[in-house]
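If you read the sequences in order, they're chains A and B. Under the numbering used here, read the first sequence as residues 1 to 64, first letter to last. Under the numbering used here, read the second sequence as residues 65 to 202, first letter to last. Positions of the beta carbon are idealized from the N, C-alpha and C atoms, including for glycine. For reference, the structure is listed below as structure tokens.
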Amino acid sequence: MKQHLPATLLALSLASILSACVTINIYFPAAAAEKAADRLIDEVWQVKERTDTPEPAATESETK
Amino acid sequence: MNRLFLSAIFALSFFFMQPAAMAADIEINTPAISAIKNSMQARHNQLAPHYTSGAVGLTRDGLIAVRDAKAVPLKDRQSVNTLVAAENKDRNALYKEIAVANQNPQWESDIRNTFAQRWVEKAKAGWWYQTASGWVQK
């Protein structure tokens, strides 16, 4: 009987890990989605390339 | 017997861990998603002035909309409408593609909501976005 205790504990902890995994799989991974969205938005809006908006002061380049 | 039982549990646990490990990350590097992304990236230079002028704003459902057509010169209004329509088509396709690429098509609305928040979060000061009570300037 004493020999079975560690095995039971192990089985219980594994069961809780299993249920956690199943939960992750069913529910939407919001944090990961946020990171993925940020990466994609940075690329689409090219956030990394220009940190501030260099407003062209004179927009009278219409030479006609 | 005990050993067999333990190894069985371990094998089972790895079997269940596999989908969990896949779900922990969101895949956005597929050819379909990259194509949409490139299309949106190419369009952004044309849309950016309209975000700044307030003619176009970010909607609550992760799309964009013309919120003040008067901010656009009359001759350009049609082209802005066309830009907005094309952008929204890409955005809708993007949310769907990401859900499909992650083997969970039912995530589309969650992905849309996530993007809706992140577009606003990353928008520049002065750009307009939609809230439950109307348009707000960042």
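Pick from D140(B), K186(B), Y159(B) that is closest to Q110(B), judged by C-alpha positions: Of D140(B), K186(B), Y159(B), the residue nearest in Cα terms is D140(B).
Segment contact flag, the segment 186 to 195 of chain B with the segment 113 to 123 of chain B, C-beta cutoff 8 Å, min 3 pairs: Yes, since at least three Cβ pairs between the segment 186 to 195 of chain B and the segment 113 to 123 of chain B fall closer than 8 Å, the two stretches touch.
Start-to-end residues for the beta strand (DSSP E) that takes in A129(B): 128 to 130
For T123(B), three-class secondary structure by DSSP: coil
W171(B): first and last residue of the uninterrupted alpha helix (DSSP H) it sits in: It is not in any alpha helix (DSSP H) - W171(B) carries neither H nor E in the DSSP assignment.
Of the listed residues D38(A), A7(A), L5(A), L18(A), nearest to Q208(B) (C-alpha basis): No answer is possible for residue 208(B): the residues shown for chain B start at 65 and end at 202.
Within chain A, partners of T178(B) - CB distance below 9 Å: F28, A30, A33, E34, A36, A37
Under the three-state DSSP convention, the category Q142(B) falls into: helix
The ligand COA heavy atom lying under 7 Å from the CB of L40(A): Here there are no bound small molecules, and the ligand COA is not part of this structure.
Nearest residue (CA-CA) to F28(A), options N102(B), A96(B), D89(B): Ranked by Cα distance from F28(A), the options N102(B), A96(B), D89(B) are led by D89(B).
CB contact check: L40(A) to chain B, cutoff 8 Å: yes
Status (buried if at least 16 other CB within 10 Å, exposed otherwise) for V47(A): Per the 10 Å Cβ criterion, exposed.
Paired residues, beta bridge with Y193(B) - DSSP: DSSP, once it has assigned bridges, lists L122(B), V200(B) as partnering Y193(B).
Test item: CB-CB of V136(B) and H114(B) under 8 Å: yes
Residues that D174(B) contacts on chain A, provided the C-beta gap is smaller than 8 Å: F28, A30, A33
Contact with chain A by D89(B), beta-carbon distance below 8 Å: yes
Element boundaries [alpha helix (DSSP H), containing D42(A)]: If you look at D42(A), you'll find it in the alpha helix (DSSP H) that goes 30 to 45.
Contact with chain A by S117(B), beta-carbon distance below 8 Å: no
Cβ neighbour criterion (16 or more within 10 Å) applied to E185(B): exposed
Test item: CB-CB of A157(B) and I100(B) under 8 Å: yes
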